[in-house]
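Count along the sequence shown starting at 1, add 10, and that's the number in the numbering used here. Idealized CB from N, CA, C, for every residue including glycine. Before any comments, here is the structure.
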Amino acid sequence: MDFSPVSYTHWSPGEPNNANGEEQCVQMNRHQGGWNDANCGRAGAGYVCKKLPGDVHTPPPPTQPWEGNCPADWLRFKNKCFMFKGKKNEIKANWTFARSWCKDRGGELAVIDDRSENDFVSSYLRDLELPAWIGLSDLLQENQYAWSDGVSPVLFTNWAATEPNNAGGAEHCVAMAHGPRASGKWNDDGCQKDQSFVCSRRKFVQHIKRHNIVLKRELGEGAFGKVFLAECYNLTPDQEKLHVAVKVTAGRASDERPAAAGSPLFLPDNAVLLFLSPQTLKEANESGRADFYREAELLTNLQHDHIVTFYGVCVDSDPLIMVFESHGPDAVLMSDGQHSILVELTQSQMLHIAQQIAAGMVYLASQHFVHRDLATRNCLVGENLLVKIGDFGMSRDVYSTDYYRVGGHTMLPIRWMPPESIMYRRFTTESDVWSLGVVLWEIFTYGKQPWYQLSNNEVIECITQGRVLQRPRSCPKEVYDLMLGCWQREPYMRLNIKEIHSMLQSLAKASPHLATPCCPVAHICERVVLSAVSEAEFFSNVVAVDEMVSMVRDDGVRPLRDVRDRRDVPTPSPVH
11 MDFSPVSYTH
21 WSPGEPNNAN
31 GEEQCVQMNR
41 HQGGWNDANC
51 GRAGAGYVCK
61 KLPGDVHTPP
71 PPTQPWEGNC
81 PADWLRFKNK
91 CFMFKGKKNE
101 IKANWTFARS
111 WCKDRGGELA
121 VIDDRSENDF
131 VSSYLRDLEL
141 PAWIGLSDLL
151 QENQYAWSDG
161 VSPVLFTNWA
171 ATEPNNAGGA
181 EHCVAMAHGP
191 RASGKWNDDG
201 CQKDQSFVCS
211 RRKFVQHIKR
221 HNIVLKRELG
231 EGAFGKVFLA
241 ECYNLTPDQE
251 KLHVAVKVTA
261 GRASDERPAA
271 AGSPLFLPDN
281 AVLLFLSPQT
291 LKEANESGRA
301 DFYREAELLT
311 NLQHDHIVTF
321 YGVCVDSDPL
331 IMVFESHGPD
341 AVLMSDGQHS
351 ILVELTQSQM
361 LHIAQQIAAG
371 MVYLASQHFV
381 HRDLATRNCL
391 VGENLLVKIG
401 DFGMSRDVYS
411 TDYYRVGGHT
421 MLPIRWMPPE
431 SIMYRRFTTE
441 SDVWSLGVVL
451 WEIFTYGKQP
461 WYQLSNNEVI
471 ECITQGRVLQ
481 RPRSCPKEVY
491 DLMLGCWQRE
501 PYMRLNIKEI
511 HSMLQSLAKA
521 SPHLATPCCP
531 VAHICERVVL
541 SAVSEAEFFS
551 NVVAVDEMVS
561 MVRDDGVRPL
571 RDVRDRRDVP
581 TPSPVH
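Listed below in structure tokens is the structure:
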């Protein structure tokens, strides 16, 4: 920590093993002095300090305490909070009582979704006296294990050898072993036993003080508000300042008034940033505010390498603000209606970007989260072409045809929507797959707007009649086949999101080694200016669904299944 060179180590056998990237701090074994890496958040460990003669201790400058987003006595790991009960002289309980105890404190018996969570929980089991109950059981249906919260899918298990064996139908509840040989292994056991137990809960939505946010520059603007690059202070305990993306809810601009000196929510050039809600504060729509909080709760529980991290909200006054991760001061949107970084990328880099977006969408699908507005304008690009999916409503007024206003109110991104979403407002994981196909088309056309020569009403007619975009000139056939697999009219016939990600990964690996970006990400390249073309020329850029003849899958080329004849397409509902 003091930047001294590492001139000596004394690792124990098998160390450092880093347990899936969750062990980053080093402990010494008290018996032999061997070193092992451990989870930095593990409580109860001793520590050793060193001070040399002449060292002067300089206390750090005072900062506001970090509020965090787990309650007191809960330990945070990724998007969850955990509590461990069952140390010496602490409560032990049967499975049913332990579940009630956790629920009374706002949680559930622990839900464990992946290996890293299992490793984190395992690192604390050694402090407990007995095996620890978690929230898995087959009480409702024999041999059908489910989490006690009733909603979480069973995505991961870590059964010990020969488990679950159910002992003649008498074992229905699951505990995690705490001994050194089988720590973290799962065992079904009799629910009536008094054991240690682990509770889990989703994180609280973190509330951020408005005076800790300093806006730097605008990133985008759309029907749902403006997004700014900003600096946020006291957001985490180890960093005084972070670059963040701030989404400010939209509304009518108030009468301008002079900027207050030093007010952090004013732009550096003193242009006033002051919004009111769609109605005045006194007339605020309570359901709208409830939707805001509901969205914040959903976003809090999403965590993935290719999903923009949600930090929290600022609600101490209007406008309501959401604070998201940024890639730093040089971060840009992949495409914002005026500019696109795509115009200077190689084919290998395009595939690299595409498979990152697909990876993020696989995660969202696993969390039963439907995006509804997947497009390059909602993707943030950082250094080394790291891409993260956001949902900021970032389309600019200059590119307002990205959205179509329905009934004077609802804004829909119809150019990215499948027929069932346009006609029936039906949004599913399969509709996100359609949008992903359009995103691939955006990437391989260097950021062109889909159906750029058609009005919104013409786009609706075109999509509902079964026409799709033609293969871009720079697009490999294998990638266009993926697009066609995304654009099947019937949702059940579309490619699975995991299939798409797997194929893009294979294509990216097969392509030449990724070249260095030809320009820094901070330099936003101008969008290609499209010249006017005739209707005949434009319709050479679209192809009927029934003209698709094949697509590539892992097992080779096979014909597409027949799709409904266009004569049978129902007339779309009139849109005013």
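In this structure, the beta-carbon distance from glutamate 118 to serine 206 does not fall below 8 Å. Collapsing the DSSP output to three states places alanine 375 in a helix.
Excluding the 5 residues flanking it on each side, alanine 48 has same chain C-beta neighbours closer than 8 Å at Glu33, Cys35, Val36, Gln37, Ala55 and Ser133, in chain order.
The beta carbon of isoleucine 218 sits closer than 6 Å to those of Gly322, Cys324 and Val333, all from its chain and outside the five residues before and after it, given in chain order.
One Cα belongs to lysine 195, the other to cysteine 80, and the distance between them is close to 26 Å.
Judged by their CB atoms, serine 147 and cysteine 91 are not nearer to each other than the 8 Å cut-off.
The stretch 87-106 makes no contact with the stretch 215-229, as fewer than three CB pairs between them are under 8 Å.
Residue nearest to asparagine 128 within the set Pro141, Asn176 and Phe166 is Phe166 (criterion: CA-CA distance). Residue pairing for glutamine 37: DSSP places it in a beta bridge opposite Asn46. Per DSSP, reduced to three states, the secondary structure at threonine 246 is strand. For histidine 511, the three-state secondary structure derived from DSSP is helix.
If you look at serine 110, you'll find it in the alpha helix (DSSP H) that goes 105-114.
Rounded to whole angstroms, the gap between the alpha carbons of leucine 330 and valine 318 is 19 Å.
The C-alpha of leucine 464 lies about 38 Å from the C-alpha of glutamate 307. Within the stretch 133-193, complete beta strand (DSSP E) segments of at least 3 residues are found at 142-147 and 183-186, given in chain order. In the DSSP annotation of this structure, the continuous segment of the alpha helix (DSSP H) that includes tyrosine 434 starts and ends at 429-434.
Contact between aspartate 442 and methionine 371 holds, with the beta-carbon distance rounding to 6 Å and staying under 8 Å.
Taking a C-beta distance under 8 Å as the contact criterion, aspartate 204 and alanine 185 do not qualify as a contact pair.
His314 is the residue among Gln357, His314 and His378 whose C-alpha sits nearest the C-alpha of isoleucine 367. As computed with DSSP, phenylalanine 207 is found in a beta bridge with Lys95 and Trp143. Residue pairing by DSSP places aspartate 83 opposite no residue, since no beta bridge is assigned to it.
Within its own chain, the residues whose Cβ lies closer than 7 Å to the Cβ of tyrosine 243, once the five positions on either side in sequence are excluded, are Asn222, Glu250 and Lys251, listed in chain order. For alanine 192, the CB contacts under 7 Å within the same chain, skipping 5 residues up- and downstream, are Ala170 in chain order. Per DSSP, the continuous alpha helix (DSSP H) segment holding asparagine 467 begins and ends at 466-474. Note on geometry: alpha-carbon atoms of tryptophan 426 and alanine 240 lie some 29 Å from one another. When the beta-carbon positions are compared, serine 445 and leucine 384 come within less than 8 Å of each other. Looking at the DSSP output, asparagine 197 shares a beta bridge with Ala185. The shortest CA-to-CA distance from histidine 381 to any of Leu150, Asp159 and Leu312 is the one to Leu312. Relative to leucine 396, the option among Arg499, Ser336 and Ala375 whose CA is nearest is Ser336.
A distance below 8 Å separates the beta carbons of cysteine 201 and tryptophan 105.
Within the same chain, Val489, Leu514, Leu517, Ala518 and Ser521 come within 8 Å of leucine 361 by CB-CB distance, once the 5 residues on both sides are set aside. Taking 8 Å as the cut-off, the Cβ atoms of alanine 369 and histidine 511 count as close.
With 16 or more other CB atoms across the displayed protein chains lying within 10 angstroms of its CB, asparagine 197 is buried. The closest CA to that of tryptophan 143, considering only Cys112, Glu25, Gln216 and Ser126, is found on Cys112. Counting only residues of its own chain and dropping the five nearest sequence neighbours on each side, arginine 136 has a CB closer than 7 Å to the CB of His188 and Ser193. Using a Cβ distance threshold of 8 Å, glycine 476 and arginine 504 do not count as a contacting pair.
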